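Residue numbers (the numbering used here): 1 to 438.
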């Protein structure tokens with residue numbers, strides 16, 4: 001029986017763990033937190049089809065809420081870009097689900113499939129031999145132990161000690177740059193006046209001048225607040241945004257009734273290489289999020305299914321990277337590469353000020369089309385590029401950055417079409433060099 005070690009109880013790792021255990025693998029998950037403390041104390045959005053893709057039973061209807069109708073606003077709140085939705089959104093596949101419920105639901109599913117969990121395991125580093133990962137070292141109740149396996153999966157998050165300790169010769173990026181991260185404050189406040197906006201989900205770009213986005217979701221019994229910034233978020237910025245939000249949302253309570261904590265999320269395109277001999281990255285450790293807002297539950301669950309399939313197919317050859325490459329190829333061509341335009345747009349945001357964003361939304365340079373560009377770049381033609389650059393002429397200092405960003409967008413289908421479908425060291429390395437340009 002082949003053994004698989006999952007480092008961290010991330011969504012993608014659990015998705016893979018359940019499938020592998022059901023198919024006869026001895027699967028162990030090491031998780032730093034206790035079973036009672038695991039999971040963020042808030043709700044997040046995801047799509048129901050992600051469960052089905054990953055062969056995970058869909059939770060009962062009572063365990064989630066369907067649909068959110070949303071809009072985007074500029075810093076001065078003079079423009080509202082209402083996204084597709086409306087009354088029909090209640091029947092949509094988009095749901096919001098309690099993160100603590102979700103992680104425990106996935107753990108229970110894994111246990112039912114035969115996965116073994118070791119909680120309270122503080123992972124320190126990878127155990128490697130040349131270009132092969134043998135397992136990890138972890139500390140449990142003050143004692144350091146080695147956990148070895150035939151195949152190791154890193155699902156330990158953005159700051160994974162496994163990925164960060166890999167030797168350079170493996171070619172896997174150790175660090176996610178600070179500029180490609182997003183820090184959020186998330187809390188729920190009492191909605192004393194049952195104040196509901198339409199749409200009930202509002203995203204505000206660069207609120208109070210900070211580079212990032214805030215959101216406010218109004219429900220009958222609470223007001224859900226997220227305050228986010230590219231890079232590091234300060235206490236002063238949190239307080240400034242809360243004060244501003246209270247001015248526009250009457251009846252918002254003073255103290256959180258839930259949450260009230262911060263977290264960090266990767267806002268990067270998927271890392272260029274996510275496999276090695278007997279090893280793979282999944283989830284936040286691999287940069288599997290939507291680069292504009294950090295959403296990644298769907299991507300991780302689906303990636304876990306792809307990873308499990310590749311692991312099973314590579315068993316007879318000892319889980320070589322040549323075989324595990326199929327996991328990376330399938331994930332990138334199904335999901336990862338189509339998020340590259342979002343990553344390009346998000347990086348351009350780093351050059352902007354709040355005043356710039358007011359200008360871009362008020363002049364129609366940034367519209368629903370650009371915000372909804374997660375699915376690809378259809379419509380990015382030479383005339384489109386000229387139109388956007390011409391409209392931005394009053395912001396002359398931004399023209400080089402805007403032109404550079406728009407010029408990169410049409411390159412992504414080329415990168416997508418030239419990704420090697422089979423492992424070939426020379427071709428893979430050449431492709432990685434091109435991918436890094438984007």
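We put the CB at the ideal spot given by N, CA and C, even for glycine.
Predicted model, so just to flag it, every value in this text is computed and none were measured.
Residue i: CB within 7 Å of a non-hydrogen atom of the ligand ZN
i	result
residue 303	In the structure shown, the ligand ZN is absent, as is every other ligand, since no ligand is present at all.
Of the listed residues the options, nearest to residue i (C-alpha basis)
i	options	result
residue 221	128, 188, 29	188
residue 214	191, 196, 246	246
residue 298	51, 38, 42	51
residue 248	346, 352, 193	193
residue 61	48, 355, 72	48
residue 170	256, 367, 321	321
residue 76	418, 436, 424, 355	355
residue 118	33, 103, 59	33
residue 263	257, 255, 234, 14	234
residue 368	168, 145, 80	80
residue 436	164, 316, 271, 328	271
residue 228	83, 59, 261, 41	261
residue 65	219, 29, 265	219
residue 487	196, 225, 258, 183	Residue 487 is absent from the structure shown; the chain starts at 1 and stops at 438.
residue 253	286, 141, 195	195
residue 39	107, 206, 198	107
residue 331	83, 286, 201	286
residue 16	199, 223, 280	280
residue 161	74, 236, 122	122
residue 362	175, 78, 58, 236	78
residue 201	283, 132, 175, 224	224
residue 176	265, 186, 120, 236	265
8 Å contact criterion, which residue i and residue j should meet: CB distance rounded
i	j	result
residue 203	residue 70	6 Å
residue 10	residue 156	7 Å
residue 5	residue 136	7 Å
residue 180	residue 267	6 Å
residue 72	residue 371	6 Å
residue 250	residue 350	Not quite, the Cβ-Cβ distance comes to about 34 Å (not below 8 Å), so this is no contact.
residue 328	residue 275	5 Å
residue 30	residue 54	Not a contact, Cβ separation roughly 21 Å.
residue 110	residue 45	Incorrect: roughly 23 Å between the Cβ atoms, too far for contact.
residue 172	residue 14	Wrong, their Cβ atoms sit about 22 Å apart, outside the cutoff.
residue 41	residue 259	5 Å
residue 149	residue 309	Actually they do not touch by this definition, with Cβ atoms about 18 Å apart.
residue 74	residue 205	6 Å
Backbone secondary structure at residue i - three-state DSSP
i	result
residue 181	strand
residue 38	coil
residue 216	strand
residue 420	coil
residue 335	coil
residue 164	helix
residue 330	helix
residue 258	strand
residue 158	coil
residue 90	Low per-residue confidence applies at residue 90: pLDDT is 49, beneath 50, and the placement is therefore not dependable, though the value from the model is reported in the following sentence. Correct three-state label for residue 90: helix.
residue 51	helix
residue 65	strand
residue 293	coil
residue 116	strand
Cutoff 6 Å; reference residue i; Cβ partners in own chain excluding five residues on either side
i	result
residue 319	151, 278
residue 22	113
residue 428	420
residue 413	none
residue 208	240, 241, 244
residue 434	415
Beta-ladder partner(s) of residue i, from DSSP
i	result
residue 71	82, 202
residue 152	5, 279
residue 222	190
residue 129	132
residue 43	98
residue 345	Bridge partners of residue 345: none, in fact.
residue 146	137
residue 27	4
residue 266	181
residue 229	183, 212
residue 121	140
residue 252	191
Nonlocal neighbours in the same chain, by C-beta distance under 8 Å from residue i, ignoring five residues either side
i	result
residue 63	97, 98, 101, 105
residue 334	302, 306
residue 144	124, 137, 138
residue 438	269, 340, 343, 344, 408, 411, 412, 415
residue 423	321, 322, 323, 325
residue 425	none
residue 440	This structure does not reach residue 440, given that the chain is present from 1 up to 438, and the question cannot be answered.
Close Cβ partners of residue i (< 7 Å) along its chain, the five nearest in sequence each way excluded
i	result
residue 167	128
residue 86	Confidence is the limiting factor: at residue 86 the pLDDT is only 49, short of 50, which leaves the residue's position unreliable and the question unanswerable from this model.
residue 382	Because residue 382 sits at a pLDDT of 47, beneath the cut-off of 50, its placement in the model cannot be relied upon, and the following sentence gives the value as read from the coordinates. Excluding positions up to five away in sequence, the list is empty.
residue 432	272, 273
residue 360	366
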